[in-house]
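The sequence shown begins at 4 in our numbering and counts up by one.
Ideal Cβ positions, reconstructed from N, Cα and C, are used throughout, including at glycine.
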Amino acid sequence: MLRTEFSSDVKPETKATIAGFVQDKRDVGKLIFLVIRDQKGVIQATFKKGEINEDVFTAAKKVPKESFVKISGKTIKNDRAPNKVEIKPDTFEILSRAETPLPLDVSGTIDSNLDKRLDWRFLDIRQPKIMAVFKLQSEIINLLNEFMVKNEFLRIFSSRITGAATEGGTEYFPIMYFNKEAFLAQSPQLYKESVLASGIDRVYEIGFVYRAEPHHTTRHLCEYVSFDFEMTTQDLSEILDMEEKMMQYIFTELNKRCKEVLDLYGITLEVPKKIPRLTLAEANEILKKEKLDKEFIEENDLTPEGERKISAWAEKNHGTSFVFITHFPFAKKPFYIMRDGKQLSSSFDLLYNGLEITSGGIREHDYDARVNNVKAKGIDPKTFDHLRFFKYGMPPHGGLALGIERLTEKILNLDNVREATLTPRDPERLKP
Ligand code: AMO
4 MLRTEFSSDV KPETKATIAG FVQDKRDVGK LIFLVIRDQK GVIQATFKKG
54 EINEDVFTAA KKVPKESFVK ISGKTIKNDR APNKVEIKPD TFEILSRAET
104 PLPLDVSGTI DSNLDKRLDW RFLDIRQPKI MAVFKLQSEI INLLNEFMVK
154 NEFLRIFSSR ITGAATEGGT EYFPIMYFNK EAFLAQSPQL YKESVLASGI
204 DRVYEIGFVY RAEPHHTTRH LCEYVSFDFE MTTQDLSEIL DMEEKMMQYI
254 FTELNKRCKE VLDLYGITLE VPKKIPRLTL AEANEILKKE KLDKEFIEEN
304 DLTPEGERKI SAWAEKNHGT SFVFITHFPF AKKPFYIMRD GKQLSSSFDL
354 LYNGLEITSG GIREHDYDAR VNNVKAKGID PKTFDHLRFF KYGMPPHGGL
404 ALGIERLTEK ILNLDNVREA TLTPRDPERL KP
């Protein structure tokens, strides 16, 4: 281990070894102050000429900012230092010297544009407020896991190399699999459903999925983390109830476990008590009453502006910016969704803070009806190998998928889903 303690845990009047980046340096002649930053905070190290070996003093004087250093020494109380404790070095090692100038300002004083920040992503994340995004995201995943385990879901890992484009459309990445064409999975959809044929009755999965989205929007990525669950049920409201409980659990716990992160953004999360449920038809009626421009109302769907307005409506009328929208036209949904009457489907989206973060629904589990749905979408059923698992007894089921980056983005009120993505992939970006 490089350090014995994180900066935030160092106590006065003892000995400590810390390791971190030189965030700041002040040279006042006989005294050099270095502010060292690690994952948990900062601590000051004070080098006094005469008290310390001359070579060490000179090394501290010359060390470039953002170099990675290791310091051991005595700790003393200092009310003026961050954390009210500082370290008087006995040893000082520069483990990795930073080149100057830095390609990106990491002190937070100069705003860099997002493109440049993403180019230098791992320097960008040195800023505590940006690192906080990933601390929060990691905790979201922990909480989702906890919630699923409590509710007796089994975690699965399905293939990312598939023979069919699950979500239809042209938004898939074909790859060469030896001498055959294959696709990067757009979703674990067909696997999470098919596995229910085995008798396991609740499954979940967390993993990357791939969409060849040619759009340059603030909400589309070509690779994102999809949290999916699937459970046996015949009732759409059971899926909504499960997601409502899941959101209540996550938001309650995030307020407790990620207080420091949320404080950096000045946020206390509102825990949704009851998430309002509207059919798409009802949502569109509300939009019409809100006098939204015609171009923002699409009878068969919600536009991004419509999503924002409906979230705002929920906030105003129900005190939560979560809202479920149910019963989209079958024509707008993939083949696996169960129909509800002739036109509609047993489907839903969850909007949060103005953006769709989840889609889901009840699936067509009847083999013949499912094949008909595939045909109705103009697809040859032979495309879908998974269909054979629906022939030998398949429990009725439903589920959902939640975009982890979108959820993180909306919790922290970020402007772009890329900000909540470690290494975003979009039509232009393939590095780092
Ligand atoms: P859908 O395609 O709506 O549904 O995706 C589900 C959720 O995933 C997120 N998402 C995205 N996030 C970033 N970039 C994208 N390009 C992107 N596309 C989708 C959103 C969205 O709500 N199989 C179904 C789910 C199901 O029925 O269980 C599916 O994948 O948050």
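Secondary structure in the region 189-245: the alpha helix (DSSP H) runs of 4 residues or longer, each lying completely within the stretch, are 192-197 in chain order. Nearest to K312 by alpha-carbon distance, out of E69, G111, Y339, E288, is E288. For Y355, the enclosing beta strand (DSSP E) starts and ends at 350-355.
DSSP, read as helix, strand or coil, puts L403 in strand. Looking only at L347, L98, F125, K87, the smallest Cα-Cα distance to V72 is reached by L98. L415 is positioned such that its CB atom lies no closer than 8 angstroms to that of L157. Excluding five sequence positions before and after T49, the CB atoms of its chain that fall closer than 7 angstroms to its own CB belong to L34, F36, E89, K91, given in chain order. In its own chain, leaving out the 5 sequence neighbours on each side, no residue places its CB closer than 6 angstroms to the CB of G53. Taking each of I365, D388, Q189, E102 in turn and checking the Cα distance to V374, the smallest one comes out for D388.
Annotation for R222: L358, R409, V420 place their beta carbon closer than 7 angstroms to its own, counting only its chain and skipping 5 residues before and after. Contact annotation: C225 and P430 have beta-carbon atoms nearer than 8 angstroms.
Its chain contains E174, Q189, C225 as the residues whose beta carbon lies nearer than 7 angstroms to that of R214, once the 5 sequence neighbours on both sides are disregarded; these appear in chain order.
Distances taken from the Cβ of I328 to the heavy atoms of ligand 1 include none shorter than 7 angstroms. Under the DSSP definition of a beta bridge, T165 partners with F186. Per DSSP, A84 lies in no beta strand (DSSP E) and is assigned neither H nor E.
Apart from sequence neighbours up to five positions away, the residues of its chain that approach I178 with a beta-carbon distance below 8 angstroms are I164, E184, A185, F186, L187, ordered along the chain. Annotated as distal: L147 and F254, with beta-carbon spacing of 8 angstroms or more. For F125, the enclosing alpha helix (DSSP H) has its first and last residue at 124-127. Annotated three-state conformation of M397 is coil, per DSSP. Taking M249 as the centre and dropping the five residues before and after it, the same chain places the C-beta of F150 closer than 6 angstroms to its C-beta, in chain order.
Per DSSP, the beta-bridge partners of S362 are D352, A404. Membership of Y370 in the alpha helix (DSSP H) is indicated by the continuous run 370-379.
Here the C-alpha atom of E308 lies approximately 29 angstroms from the C-alpha atom of K132. With a 10 Å radius around the Cβ and a threshold of 16 neighbouring Cβ atoms, V31 comes out exposed. The beta carbon of T386 is closer than 6 angstroms to those of A167 in its chain, skipping five residues each way along the sequence. In this chain, the beta strand (DSSP E) harbouring P177 covers 177-180. Rounded to the nearest angstrom, the gap between the Cα atoms of Y339 and K378 is 11 angstroms. For Q130, the CB contacts under 7 angstroms within the same chain, skipping 5 residues up- and downstream, are V109, G111 in chain order. Leaving aside the five residues that flank T424 on each side, the residues in its chain whose CB is nearer than 8 angstroms to its CB run, in chain order, L224, Y227, E408. For Q140, no beta strand (DSSP E) encloses it; the enclosing alpha helix (DSSP H) starts and ends at 131-153. One thing to note: K335 has its Cβ no nearer than 8 angstroms to the Cβ of N376.
Under the DSSP assignment, T20 falls in the beta strand (DSSP E) whose first and last residues are 18-30.
By a beta-carbon distance limit of 8 angstroms, S10 contacts D41. Their separation comes to about 5 angstroms. For I340, there is no enclosing beta strand (DSSP E), as DSSP marks it with neither H nor E.
Sixteen is the threshold: when 16 or more other Cβ atoms of the shown chains lie within 10 Å of the Cβ of I21, as they do, the residue is buried. Here K65 is exposed. Its C-beta has fewer than 16 other C-beta atoms within 10 Å.
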